[in-house]
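Engineer: Residue numbers (this note's numbering), protein chains in the order written: chain B, 1045 to 1354; chain A, 878 to 1149.
Here it is, the structure, as structure tokens.
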Amino acid sequence: MIRAHALTKRFPAGKGETRTAVDAIDFVVEPGRVTGFLGPNGAGKSTTMRMILGLDAPTSGTVSVNGHRYADSPAPLREIGALLDAHAIHPGRSARDHLRWLAASNGIPTTRVGEVLDLVGLESVAGQRAGRFSLGMGQRLGIAAAMLGDPPVVVLDEPVNGLDPEGIRWVRTFARQLADEGRTVFISSHLMSEMALMADHLLVIGRGQILADCSMTEFMSDHATSYVRVKAPALGDAATLLGGRGLDVSRVDDEIRVVGLDAAAIGDTLFRHGLAVHELTLVRSSLEDAFMTLTADSVEYHAMTEGAAR
Amino acid sequence: MTATLMESGAVVERADVARPTFAAVLRAEWVKLRTVRSTWWTLVATFVLGAGLTTLICWGNADWLASPEADESPGSFITWGMMIAQITAVVLGALVVTTEYGTGMIRTTFAAVPARGRVLAAKSLLVVALLGVVGTVTAFVGYAGGNYFLDREGIGMSMSGDVLRSMYGSGLYLAGIGLFTIAVGFLLRHTAGTISIVLALMLILGNMVNLIPGAFGEWVTKLMPGNAGSPISTPVSFNPNLFDAWTGFAVFCLEIAVLLVAAYVVVKRRDA
């Protein structure tokens, strides 16, 4: 379990000013499920993860792993396994040797190195210099390193970044398996579509603040709404009629949006009252849209293109 | 949770795993050190440059040193190669630290060993041991090669007194330089920056301060780390105004200690 309380991190931003990367956030990452840590780039995900691992010191607030500060852990790699950056490997050292020094540092038996290499499917290239690894192989090596101590808590920062579809699927299955074994699994991503497939629970962060902390299903029903778009020559009449039936009707420009009844039933109703219909479309706002809307104010850099302005 | 079943079916007991003691961190750093080629290349270069150049320079100067117009002592030449070999000691000391910062691996290291002082200590101990041994062996081999040519001119030196001291003194000096560079590496976190600053300090600045006039200039020259540390690695120093061997080395060690303490404080406080 990971527990953060009023966790805050400010960085100096020059001229005596500070930039708040993480702003007094509270959260709990529970065992037995995959918790997705979702937010746009620069939202504070990596900073939070570094604070969990004791790499960055919080400006204020606390974060604990399994009930105590990570740095106080008697056997850190047995406590938490982390993948922070797949590139953070000496390019001239082999995968096996990389895992060997890590194992040695926490007194983990060398036999465990072979086991985790097996686990991630890298045993055949374990003797190769890591500099030759593809990004996908690097991610697998990072995950192998995270699993060395067989830890009850696993933290993965953007593990699917740059992976091919097969690799993405592998990470997804692997995360699921870890959660099913009862471990705490905390995975960050800036891609909602990926989280939708992987996470049971969502922690959405934007500009250093928690925007949502709920289950995946809750998030879907709360944010991914759908409505039926109706276009008709007598738009006012149609709106009055449907509104009179207790449906949630809103008029936007030259259309009305109806929530609470499917397109066929709406069409039938209008037909029975002799109202002509020009368009009847079910509009589903995707999770991606929901995420965009939620974090719209908190992305650091907006692309000023037509497409993004829709 | 005391044991967890992995996919492979292997069960790892939590209880049989030791905490990251200093011995464990030392083992880990040793694995790191011996599993990259740069370690071995720099050590081989230390040996080849140190022993090879000493031999070469003695061969080239033996006949002049034996002549009446010689105004230098053969004792200044018998470990001459170590002046160049110290460059590789700087490179080794820097790489041990700065490649971790360059790749970002330092985060993996500090996540595995939150007691960062142990990492600094383990790296230091290993580099001191390696350079101490390699430096001493290099000096002995350089002596064997160089003294062969000096002997032919009748000015050979016996392996005793200051000559013997300069042998293990070479090991001590290289070890000191490696340690000095490790501290600078932790402070700067940058390979090129670390190597150039230490080399500039040892080789260029150390000679330039000679130009400062008066007693002040004399003292600054004496106190420069390269000038303080190097007399121990040679039976007779080229520059007669430096500290004598052991006093100079003590000053050098003090300077290293100050840097190491600074590095320790900064590394402990700074976000990784």
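Positions of the beta carbon are idealized from the N, C-alpha and C atoms, including for glycine.
All values derive from a computational prediction rather than experimental measurement.
#1: Taking one C-beta from the stretch 1269-1277 of chain B and one from the stretch 1294-1303 of chain B each time, how about it: are there three or more such pairs within less than 8 Å?
#2: Give the range of the alpha helix (DSSP H) segment to which residue 1099 of chain A is assigned.
#3: So, helix, strand or coil for residue 1253 of chain B, using DSSP?
#4: Which ranges would you report for the alpha helix (DSSP H) in the stretch 1268-1351 of chain B if only whole runs of at least 4 residues count?
#5: Would residue 1144 of chain B count as contacting chain A if we go by Cβ distances under 8 Å?
#6: Is there a C-beta anywhere in chain B that falls below 8 Å from the one on residue 981 of chain A?
#7: Going by C-alpha distance, which of A:923, A:949, A:938 is nearest residue 1116 of chain A?
#8: Would you check if the distance between the CB atom of residue 1102 of chain A and the CB atom of residue 1119 of chain A is smaller than 8 Å?
#9: Can you find a CB in chain B that lies within less than 8 Å of the CB of residue 1000 of chain A?
#10: Can you look up residue 1162 of chain A in the DSSP assignment and give me helix, strand or coil?
#11: For residue 895 of chain A, I'd like the list of residues in its chain whose CB is within less than 7 Å of its CB, leaving aside the five on either flank, ordered along the chain.
#12: With C-beta atoms as the reference, is residue 1080 of chain B less than 8 Å away from residue 1233 of chain B?
#13: What is the rounded straight-line gap between the Cα of residue 1092 of chain A and the Cα of residue 1080 of chain A?
#14: Three or more C-beta pairs closer than 8 Å, one from the stretch 999-1015 of chain A and one from the stretch 920-934 of chain A: is that the case here?
#15: Three or more C-beta pairs closer than 8 Å, one from the stretch 1065-1073 of chain A and one from the stretch 1027-1037 of chain A: is that the case here?
#16: Does the beta-carbon distance from residue 1054 of chain A to residue 967 of chain A come in below 8 Å?
#17: Would you tell me roughly how many angstroms separate the C-alpha atoms of residue 1294 of chain B and residue 1187 of chain B, rounded to the nearest one?
#18: Tell me whether residue 1339 of chain B is buried or exposed, calling it buried when 16 or more other Cβ atoms sit within 10 Å of its Cβ.
#19: Between A:997, A:979, A:1018, A:924, which lies nearest to residue 962 of chain A when the distance is taken from Cα to Cα?
#20: For residue 1219 of chain B, collect the residues of the same chain with a Cβ closer than 7 Å to its Cβ; drop the 5 residues on either side in sequence, then sort them by chain order.
#21: Counting only C-beta atoms, is residue 919 of chain A closer than 8 Å to chain B at any point?
#22: Which residues in the same chain as residue 964 of chain A place their Cβ atom closer than 7 Å to its Cβ, once the five residues preceding and following it in sequence are excluded?
#23: Buried or exposed for residue 983 of chain A, going by 16 or more other Cβ atoms inside 10 Å?
#24: Closer than 7 Å by beta-carbon distance: list the chain B residues that pair up with residue 987 of chain A, in chain order.
#25: With 8 Å set as the bound, which would you pick, yes or no: does the beta-carbon of residue 1312 of chain B sit closer than that to a beta-carbon of chain A?
#26: Return the first residue and the last residue of the beta strand (DSSP E) that residue 1232 of chain B is part of.
#27: List the residues of chain B whose Cβ lies closer than 7 Å to the Cβ of residue 1029 of chain A, in chain order.
#28: What number of angstroms, rounded off, separates the C-alpha of residue 1148 of chain B from the C-alpha of residue 1223 of chain B?
#29: With 8 Å as the threshold, decide whether the Cβ of residue 1285 of chain B is near any Cβ in chain A.
#30: Considering only the alpha carbon of each residue, which of B:1305, B:1163, B:1280 lies closest to residue 1289 of chain B?
#31: Just list the residues that DSSP pairs residue 1053 of chain B with in beta bridges.
#32: Please list the segments of the alpha helix (DSSP H) lying wholly inside the stretch 1123-1169 of chain B, counting only runs of 4 or more residues, in order along the chain.
#33: Spell out a yes or no on whether the stretch 1153-1165 of chain B and the stretch 1180-1197 of chain B are touching, meaning 3 or more CB-CB pairs, one atom from each, closer than 8 Å.
#34: If you check the beta carbons only, do residue 955 of chain A and residue 1034 of chain A fall under 8 Å apart?
Structural biologist: Result, derived from the coordinates:
#1: By the Cβ criterion, the stretch 1269-1277 of chain B is in contact with the stretch 1294-1303 of chain B, since at least three pairs of Cβ atoms, one from each stretch, lie closer than 8 Å.
#2: 1091-1100 is the span of the alpha helix (DSSP H), which, as asked, contains residue 1099 of chain A.
#3: Secondary structure of residue 1253 of chain B (DSSP, three-state): strand.
#4: Listed in chain order, they are 1279-1288, 1307-1316, 1331-1339.
#5: Yes, residue 1144 of chain B counts as interfacial toward chain A.
#6: Taking CB atoms only, residue 981 of chain A has a neighbour in chain B less than 8 Å away.
#7: That would be A:949, whose Cα lies nearest to the Cα of residue 1116 of chain A.
#8: Their beta carbons are not under 8 Å apart, which means residue 1102 of chain A does not touch residue 1119 of chain A by this criterion.
#9: Chain B has no Cβ within less than 8 Å of the Cβ of residue 1000 of chain A.
#10: As shown, chain A starts at 878 and ends at 1149. That puts residue 1162 of chain A outside it, with no answer to give.
#11: With a pLDDT of only 46 at residue 895 of chain A, under the threshold of 50, the placement of this residue in the model should not be trusted, and no figure is reported.
#12: Taking 8 Å as the Cβ cut-off, residue 1080 of chain B and residue 1233 of chain B qualify as a contacting pair.
#13: Looking at the two C-alpha atoms, the distance is approximately 21 Å.
#14: Counting Cβ pairs under 8 Å, three or more are found: they touch.
#15: No, the stretch 1065-1073 of chain A is not in contact with the stretch 1027-1037 of chain A.
#16: Cβ distance < 8 Å, so residue 1054 of chain A and residue 967 of chain A count as in contact.
#17: A straight-line Cα-Cα distance of about 49 Å links residue 1294 of chain B and residue 1187 of chain B.
#18: That one is buried.
#19: The alpha carbon of residue 962 of chain A has as its nearest neighbour, out of A:997, A:979, A:1018, A:924, the alpha carbon of A:924.
#20: In chain order, 1078, 1229, 1231, 1242 place their CB closer than 7 Å to the CB of residue 1219 of chain B, counting only its own chain and leaving out the 5 sequence neighbours on each side.
#21: Not closer than 8 Å to any Cβ of chain B, the Cβ of residue 919 of chain A fails to qualify, so no.
#22: Cβ within range, chain order: 1076.
#23: By the 16-neighbour rule on beta-carbons within 10 angstroms, residue 983 of chain A is buried.
#24: Simply 1099.
#25: At a cut-off of 8 Å between beta-carbon atoms, residue 1312 of chain B makes no contact with chain A.
#26: Run containing residue 1232 of chain B: 1228-1233, per the beta strand (DSSP E) assignment.
#27: Among the residues of chain B, none has a CB under 7 Å from the CB of residue 1029 of chain A; the nearest is roughly 44 Å distant.
#28: About 27 Å.
#29: Not a single CB atom of chain A sits nearer than 8 Å to the CB of residue 1285 of chain B.
#30: With distances taken between Cα atoms, residue 1289 of chain B lies closest to B:1305.
#31: B:1066, per the DSSP bridge assignment.
#32: Whole alpha helix (DSSP H) segments, 4+ residues: 1139-1149, 1155-1164.
#33: The stretch 1153-1165 of chain B is in contact with the stretch 1180-1197 of chain B.
#34: In this structure, residue 1034 of chain A lies closer than 8 Å to residue 955 of chain A by Cβ.
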